[in-house]
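Enquirer:
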Amino acid sequence: TVGAVAIDANGNIAVATSTGGITGKLPGRVGDTPLVGAGTYADNRVGGVSTTGHGETIMKYCLAHDILKRIDFLGENAQTATEKACKAMTDRLIGTAGAITIDSQGRVGISFTSQRMAWAYIKGSTIAYGIEQNQHHEEAL
Amino acid sequence: IEPVVLVHGGAGDIPVERVEGKLVGVKRAARIGYEKLSETGCVLDAVEEAVRSMELDPYFNAGYGSVLTSEGNVEMEASIMNGATLRAGCCSLVKDIMHPISLARRVMKTPHNFLAGDGVMQFAKEEGFEILSPPGQLVTDYAREALEEWKEGQRRGEIEFARTEIGSSNKYNKAEVG
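Going down the list, the sequences are from chains A and B.
If you use this note's numbering, the first sequence corresponds to residues 488 to 628, in order.
If you use this note's numbering, the second sequence corresponds to residues 24 to 201, in order.
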């Protein structure tokens with residue numbers, strides 16, 4: 488799965504997610520990616536999320552929605568909400584996943600319970616990226 | 024607010040030999056999305072272009088490079104959402120179209136959120152999307168190998184293993200699939 492979240496200077500947020508699914512899936516299987524609230528969600532008032540990982544797990548947990556409700560109702564920032572939601576999902580359902588989040592203040596959240604997740608973002612004149620747990624590289628553009 | 028474009032290229036047990044290609048791809052996608060945002064000022068354009076760049080890249084499980092069904096075919100799905108209006112465009116069971124994310128965005132122009140199956144393919148034709156011919160052009164050798172490895176695991180009775188990348192596995196209870 489691949490995904491993107493963007494926010495502009497006026498606080499407008501959009502999210503996009505696309506996937507081929509999971510190897511060996513039955514024909515007709517639908518995963519989390521096209522489901523609003525599971526694979527994708529965007530709300531200018533709260534934030535935007537794109538998820539990736541084990542689709543059957545993400546769907547049951549409505550991961551994207553959970554992250555944004557943590558921001559909205561618990562006051563968590565993008566990073567805290569993303570970390571806690573991903574961890575709670577895996578603790579409950581075993582399957583692993585990751586998510587990228589931008590909240591309405593333009594703060595970034597990146598977290599995953601799987602072995603790796605490739606990610607990158609551009610903010611100002613810096614590009615940040617990583618793939619391993621706790622990895623965060625930055626370069627000047 | 025400082026504009027941000029953030030992308031991911033998939034989570035899982037990614038084999039070490041795929042790491043470099045994925046990092047190159049996500050950095051490229053972030054740049055493409057950011058340039059688009061700077062050019063048009065539209066966040067929907069930015070996320071669509073970032074995802075389109077990864078749909079072209081065989082290092083990613085989307086578009087060209089998608090993993091395969093049990094029958095060896097590509098079935099794709101995508102979604103896009105506008106945070107200002109909460110309007111969404113979603114599609115599933117998409118075949119032989121290079122950019123499902125652009126098809127999903129086109130769904131936003133209908134009264135509906137989600138189109139799938141024969142209907143979304145008919146919609147795609149009517150909207151002028153190229154349906155690749157002959158079918159199966161989005162199937163890569165890597166995806167075929169991953170499917171063969173998955174089938175071998177099934178034959179060995181290792182039904183608790185689900186593999187989305189060659190050499191990788193996610194272990195679940197035997198009752199689970201996926």
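Heads up, the beta-carbon is just placed ideally off N, CA and C, and yes, glycines get one too.
Return the CA-CA distance between A111 of chain B and L628 of chain A, expressed in angstroms with no decimal places.
Expert: Looking at the two C-alpha atoms, the distance is approximately 32 Å.
Enquirer: Rounded to whole angstroms, what's the CA-CA distance from L522 of chain A to P158 of chain B? Just pull it up for me.
Expert: So the two alpha carbons sit approximately 26 Å from each other.
Enquirer: For G95 of chain B, which residues from the same chain have a beta carbon less than 8 Å from its beta carbon, with the 5 sequence-adjacent residues on both sides left out?
Expert: Result list for G95 of chain B: V162, R167 and L170, in chain order.
Enquirer: Are any of the Cβ atoms in chain A nearer than 7 Å to that of F146 of chain B?
Expert: No, no contact with chain A.
Enquirer: Looking at C-alpha atoms only, which residue of A:F599, A:G534 and A:T538 is the closest neighbour of D578 of chain A?
Expert: Of the candidates A:F599, A:G534 and A:T538, the one whose C-alpha sits nearest the C-alpha of D578 of chain A is A:F599.
Enquirer: Quick one: Cα of A127 of chain B to Cα of V30 of chain B, how far?
Expert: For A127 of chain B and V30 of chain B, the distance between alpha carbons rounds to 18 Å.
Enquirer: Of all the residues that make up the segment 99-123 of chain B, which are near chain A by a beta-carbon distance shorter than 7 Å?
Expert: The residues in question are M99, E100, A101, S102, I103, M104, N105, G106, A107, L109, A111, C113, C114, S115, L116 and P123.
Enquirer: Could you tell me which residues DSSP pairs with A605 of chain A in its beta bridges?
Expert: According to DSSP, A605 of chain A bridges with nothing at all.
Enquirer: Is the segment 114-128 of chain B in contact with the segment 79-95 of chain B, if contact means three or more CB pairs nearer than 8 Å?
Expert: They touch, by the three-pair rule.
Enquirer: Using CA atoms only, rank isn't needed, just tell me which of A:A605, A:T613, A:Y528 and A:I609 is closest to Q622 of chain A.
Expert: It is A:A605.
Enquirer: Should N497 of chain A go down as buried or exposed, given a rule of 16 or more other Cβ atoms within 10 Å for buried?
Expert: N497 of chain A is exposed by the Cβ-count criterion.
Enquirer: Inspect the CB distances between the segment 586-594 of chain A and the segment 564-576 of chain A and report whether three or more fall short of 8 Å.
Expert: With the cut-off at 8 Å, the segment 586-594 of chain A and the segment 564-576 of chain A touch.
Enquirer: In whole angstroms, what separates the C-alpha of D495 of chain A from that of S505 of chain A?
Expert: If you take the alpha carbons of D495 of chain A and S505 of chain A, they lie about 22 Å apart.
Enquirer: Whose C-beta lies closer than 8 Å to the C-beta of K45 of chain B among residues of the same chain, with five residues either side of it excluded?
Expert: Excluding positions up to five away in sequence, the list reads G32, G33, I37, Y82 and F83.
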